[in-house]
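Asker: Protein chains in written order, with the working numbering: chain P, 9 to 356; chain Y, 9 to 356.
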């Protein structure tokens with residue numbers, strides 16, 4: 009498995025073509041996924057290893073992606089932290105947001121194998137189902153992104169409570185981020201022990217701050233997670249690649265590579281060639297087609313794929329969307345993207 | 009009035025200190041504004057020149073900002089374009105979004121002096137009220153930003169309908185953007201005729217696309233608006249400065265200066281020194297404190313103001329927030345920011 013195309017690209021080794029997977033590839037754009045979802049709630053899917061396995065494998069079977077990613081949600085770690093969360097269709101809600109020193113003191117550091125056994129069981133079943141075809145990516149929300157949900161009580165447009173905490177009560181913010189970072193590292197480590205071949209740290213809202221605050225908050229705690237992972241017993245035995253993805257990374261390119269990750273995720277708003285120039289050659293890059301570009305015609309999708317492949321070069325590139333695939337996407341356009349990447353990146 | 013500090017800074021002339029104003033400075037964070045809003049709806053405020061004048065002047069009287077900005081909303085141009093809009097507290101809604109060639113063909117090009125006379129009347133009353141104290145900025149939504157509202161039917165997280173139109177039906181997208189650009193230019197020209205001393209083009213959602221699509225859509229039509237303005241009779245007689253603001257400009261810095269604007273707005277996610285390096289010395293820059301930084305202590309606000317002043321330098325800088333002030337902001341913290349800018353930027 010360590011010789012799989014995707015894992016070799018993560019290590020910047022020479023590859024016969026550019027591998028591709030897609031954030032949220034097991035999701036609502038896929039009729040087979042919607043059929044399973046018609047029978048079970050989102051949370052039931054996350055908590056039922058057999059169902060999680062079924063939907064994780066669907067896009068591999070359907071499109072031939074080069075990596076699978078555990079079907080789950082970054083917020084499933086909230087209940088074991090002592091924080092309730094619900095998943096209505098309009099987006100996750102945390103009925104009692106954490107906004108005070110007292111509430112932060114009550115946030116729990118937990119044992120993922122005890123508290124989230126169904127995740128580890130799903131990983132084992134997925135690995136069995138994959139039978140070595142492609143690697144399995146485990147994941148977690150990065151500390152700053154987790155903080156925004158916990159503090160805002162859900163999604164947000166302007167993140168006022170987050171910013172009140174970060175800038176108005178920085179000691180509290182650091183205390184909360186430190187706890188989340190420990191939980192995040194322990195959770196990812198447990199996923200690797202269970203069989204994950206790679207882990208991705210999602211900083212979906214790492215891009216809401218100034219460059220100085222990026223160093224002080226999202227980057228600092230992503231680094232902490234990555235250092236905890238690298239120094240763990242699990243990684244000393246099985247050092248899988250670590251991907252760090254910041255949505256809206258363009259303002260932070262001078263610092264991004266210092267995260268310590270093997271692979272940096274690149275959203276679609278920035279040229280992947282500019283990212284390469286600014287982060288240097290020490291890391292692989294993953295990205296970066298606009299998820300909305302899948303609304304274009306298959307011919308236009310192919311043109312855009314070719315442009316990204318040309319900008320990214322042949323070494324250390326994993327093709328992906330710049331963020332999760334949109335639910336309204338036509339699956340045949342996904343297929344056009346996968347075909348274009350495989351054909352256009354093949355080295356003769 | 010052409011010698012006012014703010015206007016001289018827009019032209020990159022030497023100034024005795026850095027001028028400051030604040031996006032959404034007439035707004036909900038201000039108790040005096042909320043008192044007026046308790047008596048009238050948002051739309052009534054926009055449409056009543058006396059009330060619009062009252063709230064426009066409030067922050068000038070209260071904090072001594074160096075420029076005023078017309079109290080209005082970018083979406084008030086929708087009804088004369090034949091598109092209904094409502095303004096509930098949760099954010100604007102367009103009950104019948106424009107998504108087809110037929111609907112785009114029906115969008116009207118209108119005469120702003122006939123259709124929006126209350127805006128021109130408000131400008132005249134504000135100018136009288138200001139009595140030359142500070143300049144008045146007029147504004148409009150930039151074409152791509154207006155398109156997102158019209159097409160999505162309101163705000164959006166992922167802009168799926170916008171991207172379906174831009175990438176799936178580019179001819180329709182260009183037709184709609186061209187109409188909006190003509191309306192936008194005519195509206196800004198009318199505001200200048202009525203007395204506005206400067207105009208700002210708000211591309212709040214210009215930052216949702218790839219660099220190539222930025223050139224093809226938001227930048228292209230902002231340029232068109234700016235060229236229409238510069239070649240207008242009004243501007244040949246009274247060439248006021250033009251500000252172009254893209255929220256999330258960091259990925260586009262190599263192209264941003266080509267907009268043709270005198271001043272480029274800079275959001276808070278990027279270092280204003282990096283922006284200066286990348287856009288060159290031909291334009292002034294406006295920004296770029298994180299609106300959320302006003303939740304910090306007055307001492308921390310002063311530190312952050314000093315940092316931005318140092319990065320921006322003394323020539324061609326207008327201090328502003330990186331986006332609109334948040335409604336939850338403490339007015340005394342706004343005062344701390346204004347005081348810090350005035351004191352720390354004073355040239356001896």
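Even for Gly, the Cβ is constructed at its ideal location relative to N, Cα and C.
In chain Y, which residues lie less than 7 Å from residue 324 (chain P) when you measure between Cβ atoms?
Answerer: Going along chain Y, no residue has its Cβ under 7 Å from residue 324 (chain P), so there is no contact; the nearest lies around 21 Å.
Asker: What residues from chain P crowd round residue 276 (chain Y), counting only those whose CB sits closer than 7 Å?
Answerer: Within chain P, the residues near residue 276 (chain Y) are 218.
Asker: Check the Cβ of residue 167 (chain P) against every Cβ in chain Y and list those closer than 8 Å, keeping chain order.
Answerer: Residues of chain Y passing the Cβ test: 300.
Asker: How many angstroms separate the CA atom of residue 359 (chain Y) from the CA atom of residue 276 (chain P)?
Answerer: Outside the shown range of chain Y (9 to 356) lies residue 359 (chain Y), about which nothing can therefore be said.
Asker: Quick one: using the 10 Å Cβ neighbour count with 16 as the cut-off for buried, is residue 96 (chain P) buried or exposed?
Answerer: Residue 96 (chain P) should be labelled exposed.
Asker: Tell me which residue opens and which closes the alpha helix (DSSP H) that residue 260 (chain P) is part of.
Answerer: First-last for residue 260 (chain P): undefined, no H or E at that position.
Asker: Compare the C-alpha of residue 123 (chain Y) against each of Y:19, Y:87 and Y:53 and name the closest.
Answerer: Measuring from the Cα of residue 123 (chain Y), the nearest candidate turns out to be Y:87.
Asker: Sort out for me which residues DSSP pairs residue 94 (chain P) with in a bridge.
Answerer: Answer is P:101, bridged to residue 94 (chain P).
Asker: Identify the continuous beta strand (DSSP E) that holds residue 211 (chain Y) and give its terminal residues.
Answerer: Where residue 211 (chain Y) is concerned, the enclosing beta strand (DSSP E) stretches over 206-211.
Asker: Grab me the residues of residue 168 (chain Y)'s own chain with a C-beta within less than 7 Å of its C-beta, minus the 5 sequence neighbours each way, in chain order.
Answerer: Answer for residue 168 (chain Y): no residue qualifies.
Asker: For residue 176 (chain P) and residue 316 (chain P), what's the separation of their Cα atoms in angstroms?
Answerer: In a straight line, the C-alpha of residue 176 (chain P) is about 41 Å away from that of residue 316 (chain P).
Asker: Check whether the Cβ atoms of residue 339 (chain Y) and residue 53 (chain Y) sit closer than 8 Å, and answer yes or no.
Answerer: The answer is no: Cβ separation not under 8 Å.
Asker: Report the partner residues of residue 234 (chain Y) according to the DSSP bridge assignment.
Answerer: Paired residues: none, contrary to the question.
Asker: Should residue 330 (chain P) be labelled buried (16 or more other beta-carbon atoms within 10 Å of its own) or exposed?
Answerer: So residue 330 (chain P) ends up on the buried side.
Asker: Suppose contacts are defined by Cβ-Cβ distances below 8 Å. Is residue 230 (chain Y) in contact with residue 148 (chain Y) by that definition?
Answerer: It is not a contact, given that the beta carbons lie outside the stated cut-off.
Asker: Thinking C-beta only, is residue 207 (chain P) closer than 8 Å to residue 145 (chain P)?
Answerer: Contact flag set, yes.
Asker: Quickly, what does DSSP pair residue 293 (chain Y) with across the bridge? List them, please.
Answerer: Per DSSP, Y:272 and Y:325.
Asker: At a CB-CB cut-off below 7 Å, which residues of chain P make contact with residue 303 (chain Y)?
Answerer: In chain order: 171, 172, 175 and 176.
Asker: Give me the chain Y residues within the contact set of residue 86 (chain P), using Cβ-Cβ distance strictly less than 9 Å, ordered along the chain.
Answerer: Residues of chain Y passing the Cβ test: none, with the nearest at roughly 21 Å.
Asker: State the start and end residues of the unbroken beta strand (DSSP E) segment that holds residue 149 (chain Y).
Answerer: Segment 144-149, the beta strand (DSSP E) holding residue 149 (chain Y).
Asker: Would you list the residues sitting across from residue 253 (chain P) in a DSSP beta bridge?
Answerer: In the DSSP output, where bridge partners are listed per residue, residue 253 (chain P) has P:210 and P:273.
Asker: Pick from Y:94, Y:14 and Y:63: whose alpha carbon is nearest that of residue 51 (chain Y)?
Answerer: When each option's Cα is compared against that of residue 51 (chain Y), the closest is Y:94.
Asker: Could you name the residues of the same chain whose beta carbon sits closer than 6 Å to that of residue 220 (chain P), not counting the 5 residues immediately before and after it, in chain order?
Answerer: Closer than 6 Å at the Cβ level, and outside the excluded window around residue 220 (chain P), lies no residue.
Asker: Check residue 162 (chain P) in the structure and name its three-state DSSP category.
Answerer: It is a strand residue.
Asker: Between which two residues does the alpha helix (DSSP H) holding residue 199 (chain Y) run?
Answerer: Unbroken alpha helix (DSSP H) run through residue 199 (chain Y): 178-202.
Asker: Cβ closer than 7 Å: which chain P residues qualify as neighbours of residue 334 (chain Y)?
Answerer: The contacting residues are 166 and 168.
Asker: Just to check, is the beta-carbon of residue 194 (chain Y) closer than 7 Å to a non-hydrogen atom of the ligand PLP?
Answerer: Of the ligands one can find in the structure shown there are none, so the ligand PLP has no counterpart to examine.
Asker: Compare the C-alpha of residue 282 (chain P) against each of Y:259, Y:303, Y:281 and Y:271 and name the closest.
Answerer: Nearest option by C-alpha distance: Y:259.
Asker: Please name the residue in Y:335, Y:107, Y:334 and Y:318 whose C-alpha comes closest to that of residue 349 (chain Y).
Answerer: Ranking the options by Cα distance to residue 349 (chain Y), first place goes to Y:318.
Asker: Going by the beta-carbon positions, is the gap between residue 252 (chain P) and residue 152 (chain P) smaller than 8 Å?
Answerer: No, the Cβ-Cβ distance between residue 252 (chain P) and residue 152 (chain P) is not below 8 Å.
Asker: Measure the C-alpha to C-alpha separation of residue 62 (chain Y) and residue 189 (chain P) and round it to an integer number of angstroms.
Answerer: In a straight line, the C-alpha of residue 62 (chain Y) is about 49 Å away from that of residue 189 (chain P).
Asker: If you measure beta-carbon to beta-carbon, which residues of the stretch 238-258 of chain Y are closer than 8 Å to chain P?
Answerer: Cβ contacts with chain P: 256 and 258.
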